[in-house]
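In the working numbering, each number is its position in the sequence shown, counted from 1, plus 52.
Backbone N, C-alpha and C define an ideal beta-carbon position, used for all residues, glycine too.
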Amino acid sequence: MSLERLVGRESLGKEEENINWALRPTSLEEYVGQRELVEKLKVSLEAARKRGEPLEHTLLYGPPGLGKTTLAHIIAREMGTRMVKTAGPALVKPADLLGVLTNLEQGDILFIDEIHRLNSAVEEFLYPAMEDFKISLPMEKGIYSTIMTFSLKPFTLIGATTRSGLLGAPLRNRFGIFHYFDFYSPEELAEIIRRSAQLLELEIEEEALWEMAIRSRGTPRCANRLLKRVRDYAQVRADGRVTKEVAIEALKMEGIDQAGLDELDRKFLKTIIEYYDGGPAGIEAISATINEEVDTLVDVVEPYLLKIGFLTRTPRGRRVTKKAYEHLGYPPPAGQEQLF
Numbered sequence: 053m054s055l056e057r058l059v060g061r062e063s064l065g066k067e068e069e070n071i072n073w074a075l076r077p078t079s080l081e082e083y084v085g086q087r088e089l090v091e092k093l094k095v096s097l098e099a100a101r102k103r104g105e106p107l108e109h110t111l112l113y114g115p116p117g118l119g120k121t122t123l124a125h126i127i128a129r130e131m132g133t134r135m136v137k138t139a140g141p142a143l144v145k146p147a148d149l150l151g152v153l154t155n156l157e158q159g160d161i162l163f164i165d166e167i168h169r170l171n172s173a174v175e176e177f178l179y180p181a182m183e184d185f186k187i188s189l190p191m192e193k194g195i196y197s198t199i200m201t202f203s204l205k206p207f208t209l210i211g212a213t214t215r216s217g218l219l220g221a222p223l224r225n226r227f228g229i230f231h232y233f234d235f236y237s238p239e240e241l242a243e244i245i246r247r248s249a250q251l252l253e254l255e256i257e258e259e260a261l262w263e264m265a266i267r268s269r270g271t272p273r274c275a276n277r278l279l280k281r282v283r284d285y286a287q288v289r290a291d292g293r294v295t296k297e298v299a300i301e302a303l304k305m306e307g308i309d310q311a312g313l314d315e316l317d318r319k320f321l322k323t324i325i326e327y328y329d330g331g332p333a334g335i336e337a338i339s340a341t342i343n344e345e346v347d348t349l350v351d352v353v354e355p356y357l358l359k360i361g362f363l364t365r366t367p368r369g370r371r372v373t374k375k376a377y378e379h380l381g382y383p384p385p386a387g388q389e390q391l392f
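Structure, rendered in structure tokens:
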């Protein structure tokens with residue numbers, strides 16, 4: 053079972069995606085947050101433009117919802133070229149990638165989301181394309197087999213992943229630029245919410261911005277989702293204007309607490325506390341107990357809980373911290389206070 057989460061990474065529908073695209077920045081000047089990353093990227097882009105060359109192959113990695121796809125689109129716009137988007141799970145066999153690669157024009161950007169999920173055959177097919185802009189195809193079989201080599205037009209591969217540790221060394225080594233996305237500060241998220249509210253023509257108080265920012269899990273995608281739910285609440289239960297009180301009531305209705313935790317986050321932590329005495333507990337055991345996929349817990353739930361200090365990973369498994377006990381209103385387990 054996978055809960056439909058307001059603070060999850062998955063899309064909540066086509067309408068939401070359309071609104072999200074309308075709220076996303078379209079240039080590096082509009083891009084909020086990731087300052088060091090953006091500054092380094094500006095240098096790389098300017099250098100590539102001056103040389104008249106495609107940008108080096110680039111790997112964007114970090115937790116979901118932090119702007120990797122948005123930045124890939126901005127890179128294409130800044131380079132004045134086209135972006136072709138696909139995803140690792142969609143490329144089942146080399147033939148799936150062949151059509152994409154042979155249709156790329158000079159300087160085009162190929163964006164592969166979830167690149168860590170490429171299967172080995174597709175990944176190996178990608179190596180010469182990245183390194184030499186060539187692909188080799190076996191023709192016929194048996195004693196009559198031959199290898200046909202095709203030249204590709206120079207392009208840029210941008211890979212995005214939430215789990216860079218799953219990338220094999222041969223693929224990783226073919227990227228020239230690496231950018232890590234970290235969680236956003238509440239101040240940065242407030243700025244993002246302010247900009248989105250202006251685009252939505254929504255009147256909102258500064259204190260309301262902050263209430264949403266501190267509950268947005270350090271993630272712009274969550275910030276925009278919360279803003280839209282608060283806007284709906286304000287239009288139905290208030291006069292359309294978002295005050296601090298309206299924001300708090302709307303977020304309370306959505307089950308988002310002051311730390312930005314939702315039902316699945318709290319269920320995850322409570323399971324470790326109630327079933328495993330606070331841990332350590334293996335992720336597979338936790339997954340089976342709450343009937344949730346391991347990948348969802350590892351990619352979506354855990355990064356934020358680790359970031360805010362509610363969870364630790366040990367060689368023996370996951371352990372809930374004192375901060376999480378206090379936040380959830382649990383007393384520390386008897387005789388284990390020294391562990392904190």
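Neighbour-count burial assignment, residue i, 16 or more Cβ in a 10 Å radius
i	result
I324	buried
E378	exposed
K120	buried
G381	exposed
G292	exposed
E354	buried
P272	buried
R371	buried
Q86	buried
P106	buried
V95	exposed
A376	buried
F230	exposed
D314	buried
G151	exposed
A99	exposed
R368	exposed
Y232	exposed
E82	exposed
L303	buried
Opening and closing residue of the alpha helix (DSSP H) in which residue i lies
i	result
R293	Element bounds for R293: n/a, residue is neither H nor E.
R318	E315 to Y328
Y83	Careful: Y83 lies outside any alpha helix (DSSP H) and carries neither H nor E.
R273	P272 to R289
I199	Careful: I199 lies outside any alpha helix (DSSP H), inside the beta strand (DSSP E) at T198 to S203.
R129	K120 to M131
T373	That residue, T373, is in no alpha helix (DSSP H); it is neither H nor E in DSSP.
P355	E354 to K359
Close-in-space but distant-in-sequence residues of the same chain around residue i (CB under 7 Å, 5 per side omitted)
i	result
S248	L75, N276 and L279
I245	L261, M264, A265, A275 and L279
E259	K296
Y327	T341
S54	Confidence at S54 is low in this model, with a pLDDT of 38, below 50, so its placement is unreliable and the value that follows should be read with caution. If we look at S54 and ignore the five residues flanking it on each side, its Cβ neighbours are E344, E345 and T348.
T122	R76 and P77
P146	A173, V174 and F177
A128	R134, M135 and I161
L153	A181, I187 and L204
Own chain partners of residue i with C-beta closer than 6 Å, once the 5 adjacent residues on each side are dropped
i	result
S216	Y113
I256	A249 and V294
E56	Bear in mind that a pLDDT of 48 at E56, under 50, signals an unreliable position, so the model cannot answer this.
L219	H168
A139	D165 and E166
F227	H109 and L111
P238	A265 and I266
L97	E130
Y356	R269
F320	V353
Other residues of its chain near residue i: CB distance less than 8 Å, five sequence neighbours each side excluded
i	result
T373	G361, F362, L363, T364 and F392
A142	D148
Segment limits, beta strand (DSSP E) that includes residue i
i	result
L112	T110 to Y113
L349	Looking at the DSSP string, L349 is not in any beta strand (DSSP E), and its letter there is neither H nor E.
K145	Careful: K145 lies outside any beta strand (DSSP E) and carries neither H nor E.
A139	M135 to A139
T366	L363 to T366
Original post:
Quick one: any contact between the segment 262-270 and the segment 278-298, if contact means 3 or more CB pairs under 8 Å?
Top reply: Yes: at least three Cβ pairs fall under 8 Å.
Original post:
Would you call the segment 119-136 and the segment 158-170 in contact, with 3 or more CB pairs under 8 Å?
Top reply: In short, these stretches touch, since the Cβ pair count reaches three.
**OP:** Inspect the CB distances between the segment 294-309 and the segment 331-350 and report whether three or more fall short of 8 Å.
**Re:** No, the segment 294-309 is not in contact with the segment 331-350.
Subject >> Those runs of the alpha helix (DSSP H) which lie wholly inside the segment 147-194 and span at least 4 residues >> reply: Taking only runs of at least 4 residues, the alpha helix (DSSP H) segments lying wholly in the segment 147-194 are 172-184.
Subject >> At least three beta-carbon pairs within less than 8 Å, the segment 203-223 to the segment 164-182 >> reply: Three or more beta-carbon pairs drawn from the segment 203-223 and the segment 164-182 are found closer than 8 Å, and the two stretches are therefore classed as touching.
Subject >> 3 or more residues per run - each beta strand (DSSP E) lying fully within the segment 211-260 >> reply: Within the segment 211-260, the complete beta strand (DSSP E) runs of at least 3 residues are 229-232.
**OP:** Could you say if the segment 143-158 and the segment 197-214 meet the contact criterion of at least three C-beta pairs nearer than 8 Å?
**Re:** Flag = yes, the segment 143-158 and the segment 197-214 touch.
**OP:** Check whether the segment 182-191 touches the segment 76-93, taking contact to mean three or more Cβ pairs, one atom from each stretch, closer than 8 Å.
**Re:** These segments do not touch.
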